Amino acid sequence: MAHGDITHIDIPVGDTDAARTFYSGLFGWDIAEVPGFEGYPMWRAPNQISGGGLAPREEGFTTPRSYVEVDSIDDTLAQVGSLGGKVLMARTQISPTSWWAVFEDLDGNQLGLYEGVTTTD
């Protein structure tokens with residue numbers, strides 16, 4: 007993925023099992039829990055590129071949230087503030103090589119940011 011690509015979409019759900027059945031039946035998504043992320047089943051579209059998660063619906067998270075890949079979350083969040091947006095969640099580690107954050111735009115829309123480091127062996 008490149009800077010600016012949509013990399014992940016979280017769908018807030020009240021009943022994870024029902025949502026798994028619904029989305030896998032509707033779109034053919036492969037939905038499974040990943041070790042270390044129990045209770046947060048992730049989906050992969052048939053194109054093997056698009057994906058996301060079924061996240062618990064909670065106050066402040068009631069509509070799907072897209073995540074945009076960036077080169078630097080810290081730099082992007084600084085731009086969010088300078089352009090009039092609001093940081094809702096600072097850079098937070100997912101794994102040793104990936105991070106996420108959430109911001110709100112001028113209209114109150116929430117978007118997530120994703121930063122990942124690709125390693126080569």
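Residue numbers (this note's numbering): 7 to 127. We put the CB at the ideal spot given by N, CA and C, even for glycine. In this text, all values refer to a predicted model and were calculated from it rather than measured experimentally.
Straight-line Cα distance separating residue j from residue i
i: I79; j: M48; result: 22 Å
i: W35; j: K92; result: 33 Å
i: V74; j: G114; result: 17 Å
i: D111; j: M95; result: 13 Å
i: P41; j: I100; result: 13 Å
i: S72; j: F33; result: 18 Å
i: V86; j: T68; result: 22 Å
i: G90; j: I55; result: 32 Å
i: E44; j: P62; result: 12 Å
i: I15; j: L117; result: 10 Å
i: G31; j: T98; result: 33 Å
i: D11; j: R50; result: 16 Å
i: Y46; j: V19; result: 10 Å
i: F28; j: P102; result: 33 Å
Cβ neighbour criterion (16 or more within 10 Å) applied to residue i
i: T13; result: buried
i: I37; result: buried
i: F109; result: buried
i: L119; result: buried
i: G58; result: buried
i: E64; result: exposed
i: E107; result: Note that residue 107 is Ala in the sequence shown, not Glu. Buried is the call here.
Whole-Å CB distance - residue i paired with residue j, under 8 Å assumed
i: L60; j: T22; result: 6 Å
i: I17; j: P70; result: 5 Å
i: D81; j: H9; result: So it is not a contact: roughly 11 Å between Cβ atoms.
Beta strand (DSSP E) segment containing residue i, residue limits
i: G122; result: 116–122
inquiry  = Could you tell me which whole beta strand (DSSP E) segments of length 3 or greater appear in the region 19–107?
reply    = 36–38, 48–50, 57–62, 71–75, 92–101
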